[in-house]
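Here's the structure, in structure tokens; my notes come after.
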Amino acid sequence: MIVGVDFGAPQRTRDQRRKIIAVVAHSTGWHSYRIDATGMNARLLAGEPPGWSAKELVDELVARPARVVGFDFPFCVPHALLRDPKFASDIGYEHGAFLGWRSFNWWIAQRLPLTDPLDFTPFAPWRDRAERARLWTKRATDIAAGGQPPLKDKFQATFQMTLLGNALLSKLWASHQYRVLPFPGGRGAGEIIEVYPGATLRTMGLASYKSRPDEAVRLGIAACAAAGIKLDVDLRLVALACRYSSGTTKKPDYDVADAFVALCTAILHAENGCRPVLAPDPTWQERLVKEWEGAIWVPTITTSAPA
DNA sequence: CGTGCAGTAGCTCAGAAAAC
DNA sequence: GTTTTCTGAGCTACTGCACG
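FYI, in full-length UniProt numbering the residues of the first sequence are 1 to 307.
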């Protein structure tokens, strides 16, 4: 089973079920997958909120482990912050700097229980307006993939997604069913990767994908086809991806299409068709930066977008 | 992208009016 | 006197919008 997730972190469970969308594919043979309305996908067509609360999703993924899960939230923060003792003590961590990703996200999980509504107040120091120059910095992978700073909490906000996402990653890691790539260590047959639908589609030549869910879905399928992977997709799910929007008529937000692209990227990863992207670091080796900060995975094979 | 606000559609329930 | 129906007040859930 391969899973693509479009993530969001509203405080209330009810709103999470509109924003956290998972789309699942099952392997049906060599280089072929079926995406139908069974299993986790059933609720997509069951009417009413098609998604999951954070707690429901993590429980499901632990109960029925997947081979690969692609999530679209930032898995970590810049390594300069991980090495900063004040950054850690600001939210009550008393053992110096976080240093490693694992202690970082373990502590976030301690400070962010999955209640309804979520309580983000322990993280208020990380929103400090005066510290934005330090806190609103990008990881090497954000620079390379065109992503937002993980702790930005205005405009294109990622702040709450980074925190809630890491609380989930901590639980998935602790289940011993999953490794979280490209961080070293961990146990389990499943792999969890960070994906960014915008970056996946950009490698395939679609710039302003946000307003074109049909193009996004088509390119996701085409990217798999170019890698020799056959997808057998229930057309009702394609139709839903082109239609479902959690946004407004003026500012639509095609979460199912995003999740579908995340799924295609995760499938490509399962078939060795992805690579992590990073911007060069002036000081440190790429391998070290990748293991500290994580990385966004994009398709290796780039298909030029046919008009 | 998330938030708060304003506006609204839908629901429940209490109380009054009508029917028996 | 009892039951049913109507109706409006008040609540919740959801949508659209402006803003950071």
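Yeah, the Cβ is synthetic: ideal placement off N, Cα and C, and Gly gets one too.
Query, Result
"Quick one: give me the first and last residue of the alpha helix (DSSP H) that SER89 is part of.", "85 to 89"
"Taking the runs of the alpha helix (DSSP H) that are 4 residues or longer, which of them lie wholly in the stretch 126 to 177?", "132 to 135, 140 to 145 and 159 to 174"
"Would you kindly check if the distance between the Cβ of ALA257 and the Cβ of VAL5 is under 8 angstroms?", "no"
"Could you pull the start and end residues of the alpha helix (DSSP H) that PRO197 belongs to?", "197 to 203"
"Helix, strand or coil for VAL298? Go by DSSP, reduced to three states.", "strand"
"When you compare only the Cα positions, how much space is there between MET40 and PRO282?", "44 angstroms"
"On the premise that ALA199 lies in contact with ILE108, defined as a C-beta separation below 8 angstroms, what is that separation, rounded to the nearest angstrom?", "At roughly 24 angstroms, the Cβ-Cβ gap does not stay under 8 angstroms, so ILE108 and ALA199 are not in contact."
"Suppose you measure from the CA of LYS19 to the CA of LYS86; what does that come to, to the nearest Å?", "33 angstroms"
"Taking only the alpha-carbon atoms, compute the straight-line gap between GLY100 and THR158 and give it to the nearest angstrom.", "21 angstroms"
"With distances taken Cα to Cα, identify the nearest neighbour of PRO184 among LYS290, LEU240 and TRP106.", "LYS290"
"I need the straight-line Cα distance from GLY96 to PHE123, nearest angstrom please.", "17 angstroms"
"Go through its chain and collect everything with a Cβ distance to TRP292's Cβ below 6 angstroms, but skip five positions before and after it.", "HIS79"
"Under a three-way DSSP split, which group does GLY190 fall into?", "strand"
"Find the nearest neighbour of GLY294 within the set PRO276, GLN285, ILE301 and TRP284, judged by alpha-carbon distance.", "PRO276"
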